[in-house]
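Participant: Sharing a structure here in structure tokens format.
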Amino acid sequence: MKGLKVGGVALVTGASTGIGHATALAFAKERVKVAVVDVNVKDGEKTVDQIRKAGGEAIFIRCDVSVTRDVQTMIETIISTYNRLDYAHNNAGIGEIDRVKLDEVKEENFDRLMQINLKGVWLCMKYEIPVMLRQGKGSIVNTSSVCGLVGSLPLLSSYVASKHAIVGLTKAAALDYALDGIRINAVCPGSVLTPQLKQATEKNPAEIELQAKLHPLNRLGTTEEIAAAVLWLCSDQASFVHGFPLAVDGGYVAK
Numbered sequence: 400m401k402g403l404k405v406g407g408v409a410l411v412t413g414a415s416t417g418i419g420h421a422t423a424l425a426f427a428k429e430r431v432k433v434a435v436v437d438v439n440v441k442d443g444e445k446t447v448d449q450i451r452k453a454g455g456e457a458i459f460i461r462c463d464v465s466v467t468r469d470v471q472t473m474i475e476t477i478i479s480t481y482n483r484l485d486y487a488h489n490n491a492g493i494g495e496i497d498r499v500k501l502d503e504v505k506e507e508n509f510d511r512l513m514q515i516n517l518k519g520v521w522l523c524m525k526y527e528i529p530v531m532l533r534q535g536k537g538s539i540v541n542t543s544s545v546c547g548l549v550g551s552l553p554l555l556s557s558y559v560a561s562k563h564a565i566v567g568l569t570k571a572a573a574l575d576y577a578l579d580g581i582r583i584n585a586v587c588p589g590s591v592l593t594p595q596l597k598q599a600t601e602k603n604p605a606e607i608e609l610q611a612k613l614h615p616l617n618r619l620g621t622t623e624e625i626a627a628a629v630l631w632l633c634s635d636q637a638s639f640v641h642g643f644p645l646a647v648d649g650g651y652v653a654k
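Going by the numbering used here, the first residue of the sequence shown is number 400, and it counts up by one from there.
In structure tokens form, the structure reads like this:
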């Protein structure tokens, strides 16, 4: 893709599977060095192997994005290995734990979801940004969701709250660093056919069709389509795009 630095360095959290996996592969295809970051060591190392076998360069870093020391170590490892960080896709997250109405959500599950989805993005930016400030340039894309733009479906209150918060955090951070050469945006996917979704609907394949019908294009997105949007937001082709939550959703929020 035009506008990505050949030999540049990208980190992708949640890169073992799904959207993060596709984004890591897409960066590598553009000859960007990739730090594959996840708590899932086995699949994370598989992602690295896949990149290397295709002729790319990558390292795996185990990191729980909700733990400060893990995030600090992630950045330290990237800098000690590559001495720079050009792109960050803060993608790690989890779905709703309690599929119940708000008053029935368990407090510990609400806290866990916020720790990973929201605090994880905040922590990553907190330690990515100083590196980019020293360089005078960088691009960050946070993964939100269409659930960060609309109330979405019932029984998703905690998830919706976390994804709306990511959009707000992205906009606020973008304003803070607008004159520092760091662009910060968010990608907001609709329903995407990930391995996790396939596994979750294995016993009820009709669920995928039902989810597809929620989107005007009458299908689910692919991980590659979301990855393409992330790379575009990171590239110089999007040089005037800043603080924007980009819906990649088959028309979901246009309804």
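Where is the CB? At the ideal position from N, CA and C, for every residue including glycine.
1) Taking C-alpha atoms, which residue in Leu616, Cys546, Lys525, Val591 lies nearest to Ala573?
2) I'd like to check one pair, His488 with Thr416: are the Cβ atoms closer than 9 Å?
3) Going along the chain, which unbroken runs of the beta strand (DSSP E) with 3 or more residues stay wholly within the stretch 569–631?
4) Quick check: the Cα distance between Ile607 and Asn439, rounded to an integer number of angstroms?
5) Identify which residue in Lys654, Gly642, Tyr576 has its Cα closest to the Cα of Lys612.
6) Could you pull out every unbroken alpha helix (DSSP H) segment of at least 4 residues lying fully inside the stretch 519–555, listed in chain order?
7) Excluding the 5 residues preceding and the 5 following Pro579 in the sequence, name in chain order all residues of the same chain whose CB lies nearer than 7 Å to its CB.
8) Quick test of the definition: if touching needs 3 or more C-beta pairs under 8 Å, does the stretch 472–480 touch the stretch 498–506?
9) Could you tell me whether the Cβ atoms of Val520 and Leu568 are closer together than 9 Å?
10) Taking the alpha-carbon of Met400 as reference, which of Cys462, Gly589, Val408, Arg430 has the nearest alpha-carbon?
11) Rounded to the nearest angstrom, what separates Leu592 and Ala560 at their Cα positions?
12) Candidates Ala626, Ile581, Asp635: which alpha carbon is nearest Gly413's?
13) So, are the CB atoms of Ile515 and Ile539 less than 9 Å apart?
14) For the candidate residues Gln610, Ile565, Leu554, whose alpha-carbon lies nearest to that of Asp497?
15) Classify Pro594: buried if its beta carbon has 16 or more other beta carbons within 10 angstroms, exposed otherwise.
16) Per the DSSP calculation, Thr412 is bridged to which residue(s)?
17) Within 10 angstroms of its Cβ, does Ser650 collect 16 or more other Cβ (buried), or is it exposed?
18) Buried or exposed: which applies to Thr467, given that a residue is buried once 16 or more other Cβ atoms fall within 10 Å of its Cβ?
19) Consult DSSP for Val640 and reduce its assignment to one of helix, strand or coil.
20) Have a look at Ile565 and Pro604 and give me their C-alpha separation to the nearest angstrom.
Facilitator: Taking the coordinates as given:
1) The residue given as residue 573 occupies position 174 in the sequence shown. For Ala573, the closest alpha carbon among the candidates Leu616, Cys546, Lys525, Val591 is that of Lys525.
2) The sequence position of residue 416 within the sequence shown is 17, counting from 1. The sequence position of residue 488 within the sequence shown is 89, counting from 1. No, the Cβ-Cβ distance between Thr416 and His488 is not below 9 Å.
3) Listed in chain order, they are 581–588.
4) Residue mapping note: residue 607 aligns to position 208 of the sequence shown, counting from 1. Residue mapping note: residue 439 aligns to position 40 of the sequence shown, counting from 1. Counting only the Cα atoms, Asn439 lies some 25 Å from Ile607.
5) Numbered from 1 along the sequence shown, position 213 holds the residue referred to as residue 612. Measuring C-alpha to C-alpha distances from Lys612 to each of Lys654, Gly642, Tyr576 identifies Lys654 as the nearest.
6) Taking only runs of at least 4 residues, the alpha helix (DSSP H) segments lying wholly in the stretch 519–555 are 519–534.
7) The residue you call residue 579 lines up with position 180 of the sequence shown. The question names Pro, but residue 579 is Asp in the sequence shown. Result list for Asp579: Leu532, in chain order.
8) Segments in contact, no.
9) Along the sequence shown, read from residue 1 onward, the residue named residue 520 stands at position 121. Along the sequence shown, read from residue 1 onward, the residue named residue 568 stands at position 169. Yes; because the gap between Cβ atoms is below 9 Å, this pair is in contact.
10) For the purposes of this step, residue 400 is taken as residue 1 along the sequence shown, with counting starting at 1. Distances from the alpha-carbon of Met400 to those of Cys462, Gly589, Val408, Arg430 put Arg430 closest.
11) Here the question's residue 592 lines up with position 193 in the sequence shown. Here the question's residue 560 lines up with position 161 in the sequence shown. Distance between the alpha carbons of Leu592 and Ala560 is about 23 Å.
12) Within the sequence shown, residue 413 is the residue found at index 14, counting from 1. Out of Ala626, Ile581, Asp635, Ala626 has the C-alpha closest to the C-alpha of Gly413.
13) For this step, residue 515 is matched to residue 116 along the sequence shown. For this step, residue 539 is matched to residue 140 along the sequence shown. Taking the C-beta atoms as reference points, Ile539 is found no nearer than 9 Å to Ile515.
14) Numbered from its first residue, the sequence shown carries residue 497 at position 98. It is Leu554.
15) One-based indexing of the sequence shown puts residue 594 at position 195. That one is exposed.
16) Within the sequence shown, numbered from 1, the residue matching residue 412 stands at position 13. Val436.
17) Position 251 of the sequence shown holds residue 650. Per the sequence shown, the amino acid found at residue 650 is Gly instead of Ser. Residue environment for Gly650: exposed (fewer than 16 other C-beta atoms within 10 angstroms of its C-beta).
18) Counting from one through the sequence shown, the residue named residue 467 turns up at place 68. Its Cβ having fewer than 16 others within 10 Å, Thr467 is exposed.
19) Indexing the sequence shown from 1 puts residue 640 at position 241. Note: Val640 maps to coil in three-state DSSP.
20) Along the sequence shown, one-based indexing puts residue 565 at 166. Along the sequence shown, one-based indexing puts residue 604 at 205. Taking the straight line from one Cα to the other gives about 31 Å.
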